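The listed protein sequences derive, respectively, from chains A and B.
Here the first sequence is numbered in UniProt numbering, starting from 1 and rising by one per residue.
Here the second sequence is numbered in UniProt numbering, starting from 1 and rising by one per residue.
In this text, a Cβ means the ideal position worked out from N, Cα and C, and glycines have one as well.
Here the structure is a predicted model, which means the values were calculated and not measured.
2 protein chains.
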Amino acid sequence: MLAYTTIQMSPRLGSDGIDQPVPLPLGQARPQQILFFAPGSEIYAQGQKARNIYQVEFGAVRVYRLLADGRRQISAFYLSGEVFGFEADANHHFFAEAITGTSLRLFPRSKFGDISQELFSLTLRCLTRAQEHLLVLGRQTAAERVAAFLLDLAERQGGLEQVELPMSRMDIGDYLGLTIETVSRVFSKLKDKEIIALPTLRSAEIKKWNALQAMSE
Amino acid sequence: MLAYTTIQMSPRLGSDGIDQPVPLPLGQARPQQILFFAPGSEIYAQGQKARNIYQVEFGAVRVYRLLADGRRQISAFYLSGEVFGFEADANHHFFAEAITGTSLRLFPRSKFGDISQELFSLTLRCLTRAQEHLLVLGRQTAAERVAAFLLDLAERQGGLEQVELPMSRMDIGDYLGLTIETVSRVFSKLKDKEIIALPTLRSAEIKKWNALQAMSE
DNA sequence: CGGTAAATTGAATCGTGTCAATGTAAGTGG
DNA sequence: CCACTTACATTGACACGATTCAATTTACCG
């Protein structure tokens, strides 16, 4: 986990699963406001003016694009502490929605006079993540994708056995380029092999880390 | 196409297909050196120290990752004028190779004291491209992927009918998450429908733009 | 030209998608 | 507190698109 002196991307979950206060990113920049978004509500839409960078205080966010016929690709999920909303020009190229009830810190783009090293670093990290995800979508099987997804989520939640899944099976499918049925089948197979347990629909327990890691590539 | 006062990403091909001089990016930064790479030669490897940002003077570059069993995902191709080599930390996370004989301008990272607006802008554009490609890999069919690929290449080469394909079918497959056979079959089908012509293995002519555009989504 | 690597084409297989039915958890009102 | 509703997830049977494996064919270069 990162030290306090650098940028905090990982969510900070207490042992009871309740979010801990999240450090501010972006140097001395102060958020203009904190906003709450109800489950399923829109944070921004494709084509809208991109006014802010966002940091998740608690909750979870999906960022996605749509094809004309309704096919959806989720490009990333964002959890507590993580930052999103970078855009190459004045407008958003994606949609962003709250998955669960979500509180966001807004950092107005207009306040970024000089690009800080921290903002740049966050952008590069976002780029690296997107490029890594290309490998998953382009070259991995359904089982490998799900395994990689669970390990990624686990790591971002502090490496605990218990992994929260704020998103639906449909969201997971649209992130991994799979249908809900395939996601569900892989989950069931992992459960049968006792690699994971599924205590509720929205959580998973990783029982055999090395088996998952071996699967994920 | 972009004005001269802003960053030049598009290749500048003359009507004879010969590269024109490419403007310098990155503000007043001057390249330390210009290097030539033979076809197939390595520009950098995963894990290596990331010392430079690169601009293609002429030629073409593939940037990719490998899975343990040899599966490869090309995350992007770079053509004349385009800039690559951004990394989130001190090391490269990908491999880069010259496809054809390629000349590169090297901009040492050590010389970037403050992050320039232009460097940031290039990074954001790279991010947006990666995110767009996620949609292709996650949610499009083989025919849609190839159509989108041809249109993208055509646009980056100035929107001419004649499109150069510096990369092999294998490269195209590894970029689109397909096998060479599938790529080849789609090419043949497009040729049969007279949507494209294939005068040589390494070039394509787009005959029916709207048909391709309709296919690509 | 002839040799070689790359690309194309064909046939069979496999993985994931599609469609349909069933199961399950959470929420509502009686 | 329980029936009822509704949305979501799981499971099964089948279809289809892409891969695999194999056989040609084509383009390129000495």
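- Interface annotation, serine 75 of chain A: in contact with chain B, CB-CB separation under 9 Å.
- For leucine 134 of chain A, the closest of B/Tyr175, B/Ser103, B/Val163 by C-alpha to C-alpha distance is B/Tyr175.
- For arginine 65 of chain A, the chain B residues whose C-beta falls within less than 7 Å of its own C-beta are Leu135, listed in chain order.
- For alanine 154 of chain A, the closest of A/Val146, A/Phe187, A/Glu164 by C-alpha to C-alpha distance is A/Glu164.
- Under DSSP, isoleucine 43 of chain B forms no beta bridge with any residue.
- Among the CB atoms of chain B, one or more fall inside 9 Å of the CB of glycine 177 of chain A.
- Within the segment 101-112 of chain A, no residue has its Cβ closer than 9 Å to any Cβ of chain B.
- Contact between leucine 198 of chain B and lysine 191 of chain B holds: their C-beta atoms lie close to 6 Å from each other, under 8 Å.
- Taking the Cα of serine 121 of chain B as reference, the smallest distance to any Cα among B/Asp69, B/Ile195, B/Phe86 is reached at B/Phe86.
- With fewer than 16 other CB atoms across the displayed protein chains lying within 10 angstroms of its CB, aspartate 89 of chain B is exposed.
- Per the DSSP secondary-structure output, arginine 65 of chain B pairs in a beta bridge with B/Gln73.
- Every candidate alpha helix (DSSP H) stretch fails here, since none sits fully inside the segment 75-136 of chain A while reaching 4 residues.
- Around the beta-carbon of asparagine 52 of chain B, 16 or more other beta-carbon atoms lie within 10 Å, marking it buried.
- The criterion of a C-beta distance shorter than 9 Å is not satisfied by isoleucine 195 of chain B and arginine 105 of chain B.
- Taking the C-beta atoms as reference points, phenylalanine 94 of chain A is found nearer than 9 Å to arginine 65 of chain A.
- The Cβ atoms of serine 216 of chain A and alanine 130 of chain A do not sit closer than 9 Å to each other.
- Serine 184 of chain B is outside the set of residues whose beta carbon lies under 9 Å from a beta carbon in chain A.
- With at least 16 other beta carbons inside 10 angstroms of its own, glutamine 55 of chain B counts as buried.
- Shown here, glutamine 213 of chain B sits in a helix according to DSSP, grouped into three states.
- Under a criterion of Cβ atoms nearer than 9 Å, the residues of chain A adjacent to isoleucine 115 of chain B are, in order, Asp114, Ile115, Ser116, Gln117, Leu119, Phe120.
- Residues of chain B whose Cβ lies closer than 7 Å to the Cβ of arginine 156 of chain A do not exist, since the nearest Cβ in that chain is about 16 Å away.
- Under the DSSP assignment, glutamate 205 of chain B falls in the beta strand (DSSP E) whose first and last residues are 203-206.
- A check of alpha carbon separations from glutamate 144 of chain B across B/Gly177, B/Met167, B/Asp114 identifies B/Gly177 as the nearest.
- Contact between alanine 96 of chain A and isoleucine 43 of chain A is confirmed by a C-beta separation of about 4 Å, below the 8 Å threshold.
- The three-state secondary structure of isoleucine 196 of chain B, taken from DSSP, is strand.
- In the DSSP annotation of this structure, the continuous segment of the alpha helix (DSSP H) that includes glutamate 155 of chain A starts and ends at 142-156.
- For leucine 124 of chain B, the nearest beta carbon of chain A is closer than 9 Å to its own beta carbon.
- When C-beta distances to chain A are compared with 9 Å, the residues of the segment 74-99 of chain B below that value are Ile74, Ser75, Ala76, Phe86, Glu87, Ala88, Asp89, His93, Phe94, in chain order.
- Here isoleucine 99 of chain B is near proline 166 of chain B, since their CB atoms are less than 9 Å apart.
- Under the Cβ distance rule, arginine 169 of chain A does not count among the residues neighbouring chain B, no pair being separated by less than 9 Å.
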